[in-house]
Amino acid sequence: MTDPREPLHRAADLAGLLVAAVPADTLDRPTPCTDWDVRALLGHLVAVTTRVAHIARGGFPSDLPSLLDEEPAGGFAAAFTAGAADVRRAWADDAVLTATVHHPAGDVPGAVGATIYVQEFATHAVDLAVAIDRTDLLDEEFLAGVLQVALRVVPAQREGFPFAPPVAVADDAPAHARLAGWLGRTLPVTLPVTPPVTPPVAARAGQE
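For any residue, its number in the numbering used here is found by taking its place in the sequence shown, counting from 1, and adding 5.
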């Protein structure tokens, strides 16, 4: 069995990188996760870290909120960093991978629960990156791997899944865009700006 904790922590680290990069003046921006703006998504991500640690210790996700009502006293970035560190502690015991954990979708083996949260952290990292115009911070190689898992476990027919229908994305689009599209997110399309063509000196001379 492949240990899903390494990608879990990698996805959390990626999300943490984006959380730390959020400028204060972008908190009211919309995100591809259309129910939440940047502020709400930050509150959700911090809450998710506490839930991921909690279920590894045998708790139920419903014991804890899925969204913070307000920004933590030390800020979202510090709270997320502390939460991600607690996730590492809670999942350190190998036994948690075969133990039953309580996920919002139902009881699953720990390894399955960890894999689900890889997708959650990674996808919300993409949501934040797009919202604050920092897709340059995304690890496209890692997200390509997350996409391959999502293609296997999230069907195109979404009944019973918390995702909108897939959105068509070009095959050669970056991994983050293809992952977002498969999970029903519509990303803004930015067309490359074509610089004006400057005619050669000889051609310009003939026009003068």
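Backbone N, C-alpha and C fix where the C-beta goes; we use that ideal spot for every residue, glycine too.
If you check the beta carbons only, do residue i and residue j fall under 8 Å apart?
i      : j      : result
HIS181 : GLU146 : no
ASP141 : THR36  : no
ARG34  : ALA136 : yes
ARG171 : GLY186 : The residue you asked about is not Arg; residue 171 is Pro in the sequence shown. It is a contact, given that the beta carbons lie within the stated cut-off.
ALA127 : LEU19  : yes
ALA169 : GLY189 : yes
CYS38  : LEU50  : no
THR120 : PRO28  : no
ALA161 : VAL92  : no
LEU13  : VAL123 : yes
GLU48  : LEU73  : According to the sequence provided, residue 48 is Gly. The question's Glu does not apply to it. Result yes, Cβ atoms of GLY48 and LEU73 sit closer than 8 Å.
ARG139 : ALA25  : no
With DSSP run on the structure shown, which of helix, strand or coil describes residue i?
i      : result
GLY64  : coil
ASP33  : coil
ASP74  : coil
VAL206 : Unreliable placement is indicated for VAL206, whose pLDDT of 44 sits below 50; the coordinate value is still reported in the next sentence. VAL206 falls in the helix class under three-state DSSP.
ASP42  : strand
GLY165 : coil
ARG121 : One detail in the question is off: residue 121 reads as Ile in this sequence, not Arg. Reduced to three states, the DSSP call for ILE121 is helix.
THR86  : helix
ASP132 : helix
LEU142 : helix
GLY79  : coil
Tell me where the beta strand (DSSP E) around residue i begins and ends.
i      : result
PRO114 : 111 to 114
VAL172 : Note, VAL172: premise wrong, no beta strand (DSSP E); not H, not E.
THR105 : 105 to 108
Is residue i close to chain C? Criterion is C-beta to C-beta, closer than 8 Å.
i     : result
HIS59 : Structure shown: chain C not included; a single protein chain is present.
Tell me the residue span of the alpha helix (DSSP H) that contains residue i.
i      : result
ALA98  : The sequence given here places Asp at residue 98; Ala does not occur at that position. Counting along the chain, ASP98 falls outside any alpha helix (DSSP H), and DSSP gives it neither H nor E.
GLN153 : 145 to 158
THR187 : For the sequence presented, residue 187 should be read as Trp rather than Thr. TRP187 -> alpha helix (DSSP H) spans 180 to 187.
VAL24  : 10 to 26
Which same chain residues, not among the five before or five after residue i, have their C-beta less than 6 Å away from its C-beta?
i      : result
ALA104 : GLY115
ARG62  : ALA95
ALA130 : LEU19, ALA20 and LEU23
ALA78  : none
THR191 : VAL172
Quick one: what's got a C-beta closer than 8 Å to residue i's C-beta in the same chain, skipping five residues either side?
i      : result
PRO66  : ARG56, HIS59, ILE60, HIS107, HIS108 and PRO109
ALA208 : Because the pLDDT at ALA208 is just 39, under 50, the model does not fix this residue reliably, and the value given afterwards should be weighed accordingly. Within the same chain, ALA208 has no close Cβ partners at all.
For residue i, tell me which candidate among the options has the shortest Cα-Cα distance.
i      : options                           : result
LEU253 : ASP177, ARG183, ARG139 and ALA178 : Residue 253 lies beyond the stretch modelled for the chain, which goes from 6 to 213, so this question has no answer here.
THR7   : GLY79, GLY165, ALA178 and ASP99   : ASP99
LEU69  : ASP176, VAL53 and GLY80           : VAL53
ASP176 : GLU125, ARG163, GLY165 and LEU152 : LEU152
VAL113 : ALA178, GLY64 and THR86           : GLY64
Tell me which residues share the same chain as residue i and place their Cβ nearer than 7 Å to its Cβ, disregarding the 5 neighbours each side in the sequence.
i     : result
ARG15 : PHE147
ALA84 : VAL51 and PRO77
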